[in-house]
Structure formats: structure tokens, C-alpha cells
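Structure, as C-alpha cells:
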Amino acid sequence: MCSQPYLDVANAARPGSQSSAEHSSYSDIPPTTHSSRLFHVYHRRRKLDFAITTDEKAPLAYVRCSTFTIGKPDLTYHAGETEDAPITAVCKFINFSRHCKVGLGNPEDPNTVWEDLMRHKLTTHYRFEITLQTGERRAFVWKRTNSVGIGEETPSKIGAKNFKLQDELTEELVAVYLNNGAKSWKKSGKFQINVHYGADFDTMVFITGLGLLEKERRRERSRQASGGGD
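First residue of the sequence shown: 1, per full-length UniProt numbering; consecutive thereafter.
Below, the structure is given as C-alpha cells:
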């Protein structure tokens, strides 16, 4: 995989861009193939923020997490190495709700596209819809997983920070987030994306996947602050 063409697409203007929608075969164990792509996620700012790189370690995005700043998105996705890079997506946790609002674009731009990240009742599944570059409207579902890994790496059987993304209609395995656990203090985990639906879709995978991870991190901190109780 060559990082520069991807970075050119990811940072290009959204309107008018086109790409083919190539589907990978559905599998419970996603192999790393020539069509799948790996992205690494690192901790920044004392484990408060995230940095995303390509598999070749080229900087792709900086994701700023804000907990107590009134009026600021909970996650802000900057398309570059630092938080000075342009904002291309945000995720807002809705107060007194388990749902989220996701914006593709800068929230100050009236052309930003807003989507819902909705939690299914009685489950930990989160669903979103997005219009692909083909013009087709599709739905995808994030689910926690203790069995689906990346390559030969498998998730912890007891962890709550590993996720898989499936096409709601076909159940095709579209993406995976594998948490790094205690392997490294600096690294959070990695994404594998098995489809080529364009830069907007990749950004949606990252902002929603990290949104779910940030929700779990806040629950974990809350439990620790209350003495370990649920």
C-alpha cells in the first residue's frame, strides 16, 4: 500500500470526488489482504487524544477529545498531524442519551453533513447511515467483539474496547478496531478497513470507532473514580 495516494484522497475536497465501491468477502476472521488497509492509533496528550497513521506510519489525523469544554464536540477530527490541521469531522455525545451526532466536515460550515450514531435498544451495538460516493445510502453497525481480530492478533476475551463494523444488510465485515491493551503505553490500537468506499467513509469509520472507544474510556474512568463499582 502506498500512503501518498491515500493521503491525497483523504485530504481532498469532499464535493465531486468519486471512487469505486469494492467489496471484500465476509469472514469472521478478517485476513490482511491486498485490498484491506491498516491504520495505527496512538495516544497523545497524556492519553487524552488520538493520532492516526497509515501502515507506513505517515500521519493521517489528530483526534482531540474534550470532556468538560462546554459547546465543544467530544471528538474533533483534524486531517493532519496536529490539532492545527483542518477539521474534517466531529462527534458529539448527546446529553442524557446513549446516542451521538456525527458531522462530516467542519461544524462551522453550513455544508457539513450530519449523521446519527444510534445505540440499539438492549444491546451495545451502534448504527449509522452514510451516503457512499456512488450515491447509495447504506447502514453499518458497530459491535463489540471478543473473537474478531486482525491478522494473527486476537482481542482479549474480557475486554470491552474491541469492535467490528458490519454492513447491516449483508453482514459483510467492513472494518475492525483491535485494542492494544497493555502491549504499549504509547499505542491505543489499530483499524483494519476491508473496503474502498472513499475518504468520507474512512473518516466515518475512524470518528465513530474512536467515539465508541472514548465512551468506554469515560465509563472506565467513572468506575475507577467511584471505587470500581458499575
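Ideal Cβ placement from N, Cα and C applies to all residues, glycine included.
With contacts defined by Cβ atoms closer than 7 Å, Ala89 and Ile207 form a contacting pair. In the three-state reduction of the DSSP assignment, Gln133 falls in the coil class, being assigned neither a helical nor a strand state. By alpha-carbon distance to Ala79, the top candidate from Ile130, Asn106, Gly71, Lys164 is Asn106.
At least 7 Å separates the beta-carbon of Val141 from that of Leu117.
By the Cβ-count criterion, Ser97 is exposed, with fewer than 16 other Cβ atoms from all chains shown falling within 10 Å of its own Cβ. Nearest in C-alpha terms to Lys47, of all of Glu214, Lys92, Phe68, Glu168, is Glu214.
Under the three-state reduction of DSSP output, Asp202 falls in the helix class. The beta-carbon separation of Ile130 and Arg119, rounded to 17 Å, does not stay under the 8 Å limit for a contact. With a contact defined as Cβ atoms closer than 8 Å, Ala61 and Tyr77 qualify at about 6 Å. Comparing alpha carbon positions, the residue from Lys92, Ile87, Ile158, Met204 closest to Lys72 is Lys92.
For Trp114, the enclosing beta strand (DSSP E) begins and ends at 113-119. Within the stretch 30-82, the complete beta strand (DSSP E) runs of at least 3 residues fall at 37-44, 49-54, 59-65, 75-78.
Taking all protein chains shown into account, Lys161 has 16 or more neighbouring C-beta atoms within 10 Å of its C-beta and is therefore buried. Around the beta-carbon of Ala182, fewer than 16 other beta-carbon atoms lie within 10 Å, marking it exposed.
About 6 Å separates the beta carbon of Val176 from that of Val148, a gap short enough to meet the 8 Å contact definition. Distance check between Glu172 and each of Arg219, Lys143, Ala58, Glu216 places Lys143 closest, using alpha-carbon atoms only. Contact between Leu210 and Leu104 is absent: CB atoms are separated by about 14 Å, not below the 8 Å threshold. Leu122 is not bridged by DSSP to any residue. Within the same chain, no Cβ atom closer than 8 Å to the Cβ of Gln224 is found once the five residues on either side in sequence are excluded.
DSSP places Tyr197 in no beta strand (DSSP E); its state is neither H nor E. The beta strand (DSSP E) runs lying completely inside the stretch 137-166 and spanning 3 residues or more are 137-144, given in chain order. Partner residues in the beta bridge of Val102, as assigned by DSSP, are Cys91, Glu115.
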